[in-house]
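Going down the list, the protein sequences come from chains A and B.
Sequence positions in the first sequence follow the working numbering and run 1 to 354.
Sequence positions in the second sequence follow the working numbering and run 1001 to 1354.
Structure first, then comments.
There are 2 protein chains.
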Amino acid sequence: MKPTLQAVADAVGVSRSTVSNAYSRPDQLSAALRERILDAARQLGYPGPNPTARSLRRGFVGSIGVLFTSQLSYAFTDPFAVRFLAGVGAAAERHGTSMLLVPLSRAEPDARRAVENAAVDGFCVYCVADEGWALEVIRDRGLPFVSTAARDDAGPDERFVGIDERAAARSVAAHVAGLGHRRVALLAHSVLPDVPAGPLTLSAVDQVPHPTTHGRLAGFADAFAEVGVDWADLTLVNALDNSRQAAAAAVAGLLDRPAPPTAVLAGSDVLALGVLDALAERPAGSRPPVSVTGFDDVPEAAAAGLTTVRQPAEEKGRIAAELLLDPPADAAAGHVLLPTALVVRASTGPVPRS
Amino acid sequence: MKPTLQAVADAVGVSRSTVSNAYSRPDQLSAALRERILDAARQLGYPGPNPTARSLRRGFVGSIGVLFTSQLSYAFTDPFAVRFLAGVGAAAERHGTSMLLVPLSRAEPDARRAVENAAVDGFCVYCVADEGWALEVIRDRGLPFVSTAARDDAGPDERFVGIDERAAARSVAAHVAGLGHRRVALLAHSVLPDVPAGPLTLSAVDQVPHPTTHGRLAGFADAFAEVGVDWADLTLVNALDNSRQAAAAAVAGLLDRPAPPTAVLAGSDVLALGVLDALAERPAGSRPPVSVTGFDDVPEAAAAGLTTVRQPAEEKGRIAAELLLDPPADAAAGHVLLPTALVVRASTGPVPRS
DNA sequence: GCTAGTCTCTGTATCGATACAGACTGGATC
DNA sequence: GATCCAGTCTGTATCGATACAGAGACTAGC
């Protein structure tokens, strides 16, 4: 067994407190004694104060949690998530804090335990859809958190960093509408729980539960409503998850229709890239000319020439961590809206005349 | 203040132990009483057992640490590291364990504290160069760990997952040598501490401290020694870090020489991509025909047509975590060598006749 | 020579739980 | 009626540290 602080104290012949001070408050004892204590500790192989015991007593841990809706392994597949994590990591690093990644993938009871047992001082909630319970657990634990998706039930003092999803989505949709597109599909993932992949009829956009997805779809709809295309005229398509494969599978049938949409607006770059994959797979002859847009502007988007909306991923992570690690005194400053920008590339063009 | 377990016990009129059992060992009390306890807890807003106190008593935490040499933010920039993390994450997830990312970037005293204070049950050491002290801290704490870089001072029971760096490097170098290349540059990062970017003279490959870098450079040298090109005839080039920018900067001068190398063997794909960047930047007229190879086979390598050595990144992470989470009884099984494969693409070709 | 003030160091309470031995039920067994 | 046992529950020790009040020793000032 590893020696404890008590053992060191006994070896030197001082009290536990003094050994503790030797490590944590060097100014509280003479340099000579401190040296003797550290020497004895070295000799005994004492590895320094036990982190768990220390944080029990001190009341904080020294690490922040990042909560994911999706699987941990998936988080690393999504380039936007990776950039976000990089931002959180950079800020955490500056504060001398580590980051604990907490996935919510498994069945609720397990996932709940993970949130309950996470040894952290607070959470960055990357993307929580229906998992409202997770936020409740965090609140019950009395831990601070920063969320990145606007939620209806957010308290006024709740810290948040994100973008105006609806306005951003509207901007890219307006660009597409301006190019003359009227037969348009909107592609999103997990639009409703347990819906199959492919086209989906929804009487109103407000039925979409996930706040981010809802905001983006609503923004798309806004822009088209302005040119006289209303919700019922838009084709809503569901993908099973946020991956290229899922997106390609979701739109496959659509593209085979006699009159395929002339534009597909995707809720994320990853989905958009999947649509481009699906198009690229077709022989040039049967490849309908479809404009495609994404959302996020991940690094791959530039290479693929994807028209999209840029949002600062790393910045988002950085600010999330900073709002958590040193909260602004002013509640209003705890609510950060980041700028977005329409990035027009080659994947969108005017409607082909038929 | 949040209520404690004691408060719940008092409210129900039972002992602390019984409340504890209600949460952690439901079979130890009647269902009825358990229900009463949980009800009272809900009513009081008791969020369940405090994770810190629980892990102090139980002696384990339920999360594993991943130790990085480089900055945390950088870890997410390196595609190989990201894949590795994805693998660790997948395995951790299966075990119901979270992962704590611990960077070693800052000055040693701070970084040391980070390792000492990390609330984890063990470490995956992703890539520790000169930071031998970190391994000592881990050992002192009595924590298990798995390393991914072969080290000279590794004990026989030390768990390890990695590849035969030297043989793998040799295979790609043999391919290049077979194409006829004899004027060759080897590009690596942080070859020696505090060396500037650019060409560097080293009397022998054994002077390179970092085990991975050493293994790869030695492998390159092996293959060329076989065709009569010895160490002194190879140009060693240092990059400041493992990034495309650093690689491009490191080789810039080299490519401007009157007789530039006909091939550059890089110690990683990221570096190799940087060399390709540097070449692509030049006007076609002054662009020397240089074969370039990488190492790792990250996703970007395929797109860039980079000849490289494939090593299973995610697998490596997955196995590292698994060796940590359920250690094989057999010590030999704790030492895993993964297969590698030479992947020939368009970035290498025969020496141009001058 | 006495009081005040500063430096060190000690002792005890505390953080919030879990482990374990043992005590109390009530019913079955002999 | 005594014994045994399984099923529940309690009490106390323990995990490994830190916080805080306060005790001695020592210096300085008057």
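The beta carbon of each residue, even a glycine, is placed where N, CA and C say it ideally should be.
Please read all numbers here as calculations on a predicted model, not as lab measurements.
Extent of the continuous alpha helix (DSSP H) run through residue i
i: T1018 of chain B; result: 1016 to 1024
i: N1117 of chain B; result: 1108 to 1117
i: S55 of chain A; result: 51 to 58
i: G1349 of chain B; result: Note, G1349 of chain B: premise wrong, no alpha helix (DSSP H); not H, not E.
i: L33 of chain A; result: 31 to 44
i: P258 of chain A; result: Per DSSP, P258 of chain A belongs to no alpha helix (DSSP H) and is neither H nor E.
i: Q1006 of chain B; result: 1005 to 1012
i: G1215 of chain B; result: 1211 to 1226
i: R139 of chain A; result: 132 to 140
i: E158 of chain A; result: No alpha helix (DSSP H) contains E158 of chain A, which DSSP labels as neither H nor E.
i: A1331 of chain B; result: Element bounds for A1331 of chain B: n/a, residue is neither H nor E.
i: P1079 of chain B; result: 1079 to 1094
Short Cβ contact (8 angstroms threshold) for residue i with residue j
i: L1179 of chain B; j: T1348 of chain B; result: yes
i: M124 of chain A; j: V176 of chain A; result: The question names Met, yet the displayed sequence has Cys at residue 124 of chain A. The answer is no: Cβ separation not under 8 angstroms.
i: N1238 of chain B; j: V1290 of chain B; result: no
i: A1221 of chain B; j: V1208 of chain B; result: no
i: V146 of chain A; j: L323 of chain A; result: yes
i: F295 of chain A; j: D326 of chain A; result: no
i: L236 of chain A; j: L200 of chain A; result: yes
i: I1064 of chain B; j: A1263 of chain B; result: no
i: A1031 of chain B; j: V1008 of chain B; result: no
i: E300 of chain A; j: P156 of chain A; result: no
i: A223 of chain A; j: R170 of chain A; result: yes
i: Q1311 of chain B; j: D1330 of chain B; result: no
i: V1066 of chain B; j: V1115 of chain B; result: no
i: A149 of chain A; j: G267 of chain A; result: no
i: A86 of chain A; j: T1077 of chain B; result: yes
i: S190 of chain A; j: D241 of chain A; result: yes
i: K1002 of chain B; j: G142 of chain A; result: yes
Bridge-paired residues (DSSP) for residue i
i: I1163 of chain B; result: B:L1338
i: L324 of chain A; result: Answer is none; L324 of chain A lacks a bridge partner.
i: I1064 of chain B; result: B:M1099
i: T1235 of chain B; result: B:A1185
i: T293 of chain A; result: A:L265, A:T307
i: G198 of chain A; result: A:N238
i: F145 of chain A; result: A:F123
i: V343 of chain A; result: A:T308
Heavy atom of the ligand SAM within 7 angstroms of residue i beta-carbon
i: V1082 of chain B; result: What this structure holds is no ligand at all, so the ligand SAM is not there to describe.
Close beta carbons around residue i, own chain, < 7 angstroms, minus the five adjacent residues each side
i: A287 of chain A; result: The amino acid occupying residue 287 of chain A in the given sequence is Arg; Ala does not appear at that position. Only L279 meet the Cβ criterion.
i: P1211 of chain B; result: A1149, A1150, R1151
i: G198 of chain A; result: V237, N238, A250, G253
i: V1061 of chain B; result: S1055, A1119, V1120, D1121
i: E1315 of chain B; result: G1087, L1338
Unbroken beta strand (DSSP E) run spanning residue i, endpoints
i: H1189 of chain B; result: 1184 to 1189
i: S1243 of chain B; result: Taken as a continuous stretch (DSSP letters only), S1243 of chain B belongs to no beta strand (DSSP E), as it is neither H nor E.
i: A263 of chain A; result: 263 to 266
i: V1125 of chain B; result: 1123 to 1127
Own chain, CB closer than 6 angstroms to residue i, minus 5 neighbours either side, in chain order
i: I1319 of chain B; result: V1161, V1336
i: A168 of chain A; result: V309, T340
i: R313 of chain A; result: For the sequence presented, residue 313 of chain A should be read as Ala rather than Arg. Excluding sequence neighbours, A313 of chain A sits near F80, R83, F84.
i: R345 of chain A; result: G305, L306, T307
i: G1215 of chain B; result: E1165, R1166
i: P1350 of chain B; result: L1179, G1180
i: A1232 of chain B; result: none
Nonlocal neighbours in the same chain, by C-beta distance under 8 angstroms from residue i, ignoring five residues either side
i: L273 of chain A; result: R244, A247, G294, E300, A301, A304, L306
Next item on the list: Give, in chain order, every residue of the stretch 94 to 112 of chain A whose Cβ lies closer than 8 angstroms to some Cβ of chain B.
Entry: So the list reads G96, S98, M99, L100, L101, V102, P103, S105, R106, D110, given in the order they occur along the chain.
Check: Taking any Cβ of chain B, which residues in the stretch 21 to 54 of chain A have a Cβ under 7 angstroms from it, in chain order?
Finding: Sequence-ordered contacts of the stretch 21 to 54 of chain A with chain B read G45, P47, G48, P51, T52, A53 [C-beta pairs closer than 7 angstroms].
Notebook entry, point to check: In the stretch 56 to 67 of chain A, which residues sit with their C-beta less than 7 angstroms from some C-beta in chain B, listed in chain order?
Noted result: L56, V61, G62, S63
Next item on the list: Select from the stretch 135 to 167 of chain A all residues with a C-beta closer than 8 angstroms to any C-beta belonging to chain B, and list them in chain order.
Entry: V137, D140, R141, G142
Check: Taking Cβ-Cβ distances below 8 angstroms as the criterion, which residues of the stretch 201 to 226 of chain A are in contact with chain B?
Finding: none
Next item on the list: Using a Cβ-Cβ cut-off of less than 9 angstroms, list which residues of the stretch 1284 to 1314 of chain B approach chain A; keep chain order.
Entry: A1303, E1314
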